[in-house]
Amino acid sequence: MKITQIRNATIVVEVDAYRILVDPMLAPKNALPPLKLLGSRLRNPIVDLPIEASPVLETVTHCLITHCQKGHFDHLDRAAKHWLRSKKIPVICTPHDADHLRQLGLNVCPLPDQHHEPQPFLGGLIRTIPCVHGRGLVGLLMEHGVGYFIQMPGAPSLYLSGDTILTPDVRDFLTCHQPDFSVVPAGGARFDFGQDIIMGISEVVAFTLGAIARSVDSILPPPPVMRGSHIGYEYLMMGQP
Ligand SMILES: [Zn+2]
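Here it is as structure tokens:
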């Protein structure tokens, strides 16, 4: 298994013959509006796609969406919609997003209603874990998507947490399933008001302790942590050695 971060939430997971593009945002630098009304009001994306993105994108066979409605363009923007349509890439999503994505003309392959339980996925299994994309008033206004747990034969298990704070569901998932690798949006992004909409430092520490519990149990060294740049927050990739 190989995971390539393209930019922001956009990654490509290589496993077997498949190349799974997750949450594509493909717009050029500054093509999209700022996410804050106050302060520096930087337009998004704040950096261009890396030149290495093109050959990686050319290999993509499937797309996976964690959430995309209510203006979350950093998980599916206009450039990505156009690209997915032109390539007729199968877009895997929850039933909640299926009609929305169909109306965009995408080649939608929704998971069954029981997606919180393991479902067939490219020769392996996939299931969802609910996200909570902020609490309080901000939480009421947000789109709460899903994370994905992917288990492929002969490959490490992979948890893509999606945009979420650390919830009892996420903690329970870690306890029960102990993924081999996790990709976690982190850094405690906020809007102009309200609390974190993704995990902040203390929650990432708690998540990491949960994720490495098996390493500690089996007296293995803790997993490596890799860091990727992002609009206003960072992605941490953790895995068992
Ligand atoms: Zn989001």
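Residue numbers for the sequence shown follow this note's numbering, so the first one is 232 and each next one is one higher. Positions of the beta carbon are idealized from the N, C-alpha and C atoms, including for glycine. Since the model is a prediction, treat every value here as computed from it, not as a measurement.
Is the beta carbon of residue i sitting closer than 7 Å to the one on residue j?
i: leucine 337; j: leucine 315; result: yes
i: proline 410; j: serine 388; result: yes
i: leucine 342; j: valine 291; result: no
i: proline 265; j: leucine 273; result: yes
i: valine 246; j: threonine 325; result: no
i: leucine 397; j: methionine 373; result: no
i: lysine 260; j: proline 276; result: yes
Suppose you measure from the CA of residue i to the CA of residue j; what does that come to, to the nearest Å?
i: isoleucine 323; j: aspartate 427; result: 28 Å
i: cysteine 294; j: aspartate 254; result: 8 Å
i: alanine 329; j: valine 339; result: 6 Å
i: glycine 385; j: aspartate 279; result: 35 Å
i: glycine 418; j: histidine 313; result: 30 Å
i: histidine 298; j: histidine 375; result: 7 Å
i: alanine 262; j: histidine 306; result: 15 Å
i: arginine 333; j: lysine 318; result: 15 Å
i: aspartate 403; j: proline 349; result: 16 Å
i: aspartate 308; j: valine 436; result: 31 Å
i: phenylalanine 304; j: isoleucine 234; result: 22 Å
i: proline 351; j: threonine 359; result: 12 Å
i: alanine 311; j: valine 369; result: 26 Å
Please classify residue i as buried or exposed, where buried requires at least 16 other C-beta atoms within 10 Å of its C-beta.
i: lysine 301; result: exposed
i: glycine 367; result: exposed
i: isoleucine 357; result: buried
i: isoleucine 320; result: buried
i: leucine 451; result: Confidence is the limiting factor: at leucine 451 the pLDDT is only 44, short of 50, which leaves the residue's position unreliable, though a coordinate-based value still follows. Flag for leucine 451 reads exposed.
i: cysteine 362; result: buried
i: alanine 420; result: buried
i: isoleucine 432; result: exposed
i: glutamate 434; result: buried
i: alanine 248; result: exposed
From the DSSP secondary-structure annotation, give me the bridge partner or partners of residue i.
i: valine 244; result: Ile234, Ile251
i: serine 392; result: Looking at the DSSP assignment, serine 392 forms no beta bridge with any residue, so it has no partner.
i: arginine 358; result: Phe380
i: asparagine 338; result: Pro321
i: proline 351; result: Leu356
i: methionine 256; result: Looking at the DSSP assignment, methionine 256 forms no beta bridge with any residue, so it has no partner.
Problem set entry | Start-end ranges of the beta strand (DSSP E) lying completely within the segment 268 to 322, minimum 3 residues | Correct list: 293 to 295.
Problem set entry | Pocket of ligand 3 defined by Cβ to heavy atom distance under 5 Å | In the structure shown, ligand 3 is absent; the only ligands present are ligand 1.
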